[in-house]
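*Asks:*
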Amino acid sequence: MKFFIDTANIDQIKEAYDLGILDGVTTNPSLMAKEGISGEANIIKHYKQIAETVEGDVSAEVISTEYSKIIEEGKRLADIAENIVVKVPMIKDGVKAISHFTEIGIKTNCTLVFSAGQAILAAKAGATYVSPFIGRINDISWEGMDLIEEIADIYENCFFDTEVLAASIRSSKQIKDCALAGADVVTCPLHTILGLLKHPLTDIGLEKFLSDYRKLNG
Ligand code: G3P
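Residue numbers (this note's numbering): 6 to 223.
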């Protein structure tokens, strides 16, 4: 399972990348706004910096919602760097745009996916990744992990190549659950990745090893 970080914050991307476990980055307009990035030139410059910081795929989301505009914007984003993946919302014009990007060899991430039916459409259009939003499904008291499992099963049954990229992850436990449910990729904030490190017995065990060492070695 690949690990992507879900942020537009360069320091956090570097911190995760330096751990040697990072396979890529996902962003969205809200995450870009959180970093105060505005204006097309600045947005492009920022995506370029992210794409240069990591080796893996970097999802850059279009803000257009009409087919021809999505195509124009997506091509501009794809031109920024080879590892840019154009993130397109699950709407009718978006599906059509993903089909076109697939034909011309531009990688895509179909975002804002909340049902298995939507995931089938994304895969039929040839999306490189599909992004089901686990946390937002849980927010309305459904079970996000069931959707990951369903999509993973369907893709396996139908031999779709699209990778299941579990998004809107809010806890470290969900990362483990995604691995069990068959996700190909998880994208999550830095603190949920670092949360995987934590176990009290590790801390207690390390303290004991070090204190025993110090007893004899000063
Ligand atoms: O990748 C999508 C993600 O950024 C959404 O997360 O926490 O806003 O639902 P959240």
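Every residue gets a Cβ at the ideal spot worked out from N, C-alpha and C, and that includes glycine.
#1: State the DSSP-derived secondary structure class of residue 29, mapped to helix, strand or coil.
#2: Which of the three DSSP states is assigned to residue 94 in this structure?
#3: Does the ligand G3P have a heavy atom nearer than 8 Å to the CB of residue 31?
#4: Whose C-alpha, out of 152, 114 and 30, is nearest the C-alpha of residue 166?
#5: On the three-state DSSP scale, how would you describe residue 199?
#6: With a threshold of 8 Å on Cβ separation, who are the neighbours of residue 127 within its own chain once the five nearest residues in sequence on each side are excluded?
#7: For the ligand G3P, is there any heavy atom lying closer than 8 Å to the beta carbon of residue 28?
#8: Expressed to the nearest angstrom, what Euclidean distance is found between the alpha-carbon atoms of residue 137 and residue 182?
#9: The ligand G3P heavy atoms versus the CB of residue 140: any closer than 8 Å?
#10: Flag residue 116 as yes when its Cβ comes closer than 8 Å to any non-hydrogen atom of the ligand G3P, and as no otherwise.
#11: Are residue 9 and residue 191 close, meaning C-beta to C-beta below 9 Å?
#12: For the ligand G3P, any of its heavy atoms closer than 8 Å to the Cβ of residue 172?
#13: Hey, out of 18, 145, 97 and 80, whose CA is closest to residue 108's CA?
#14: What is the residue span of the alpha helix (DSSP H) that residue 185 lies within?
*Replies:* Quick answer:
#1: The residue given as residue 29 occupies position 24 in the sequence shown. The answer is strand: DSSP assigns residue 29 an E or B state.
#2: In the sequence shown, counting from the first residue as 1, residue 94 sits at position 89. Strand, per DSSP.
#3: Along the sequence shown, read from residue 1 onward, the residue named residue 31 stands at position 26. Yes, the Cβ of residue 31 comes within 8 Å of a heavy atom of the ligand G3P.
#4: Here residue 166 refers to the residue found at position 161 of the sequence shown. Checking every option, the nearest Cα to that of residue 166 belongs to 114.
#5: Indexing the sequence shown from 1 puts residue 199 at position 194. Correct three-state label for residue 199: helix.
#6: Counted from its first residue, the sequence shown places residue 127 at position 122. Contacts found: 95, 100, 103, 115, 118, 135 and 167.
#7: Numbered from its first residue, the sequence shown carries residue 28 at position 23. Outside the cutoff, so no.
#8: Position 132 of the sequence shown, counted from the start, is the residue given in the question as residue 137. Position 177 of the sequence shown, counted from the start, is the residue given in the question as residue 182. Going from the Cα of residue 137 to the Cα of residue 182 covers about 14 Å.
#9: Within the sequence shown, residue 140 is the residue found at index 135, counting from 1. Residue 140 Cβ: within cutoff of the ligand G3P.
#10: On the sequence shown, residue 116 is found 111 positions in, with the first residue counted as 1. Yes - the ligand G3P has a heavy atom lying nearer than 8 Å to the Cβ of residue 116.
#11: One-based indexing of the sequence shown puts residue 9 at position 4. One-based indexing of the sequence shown puts residue 191 at position 186. Yes, the pair counts as a contact, with Cβ atoms nearer than the cut-off.
#12: Sequence index remark: in the sequence shown, residue 172 carries index 167 (1-based). The answer is yes for residue 172.
#13: As a position in the sequence shown, residue 108 is number 103, starting the count at 1. Of the listed residues, the one whose Cα sits closest to residue 108 is 80.
#14: Reading the sequence shown from its first residue, position 180 is the one you call residue 185. Here the alpha helix (DSSP H) through residue 185 covers 177 to 186.
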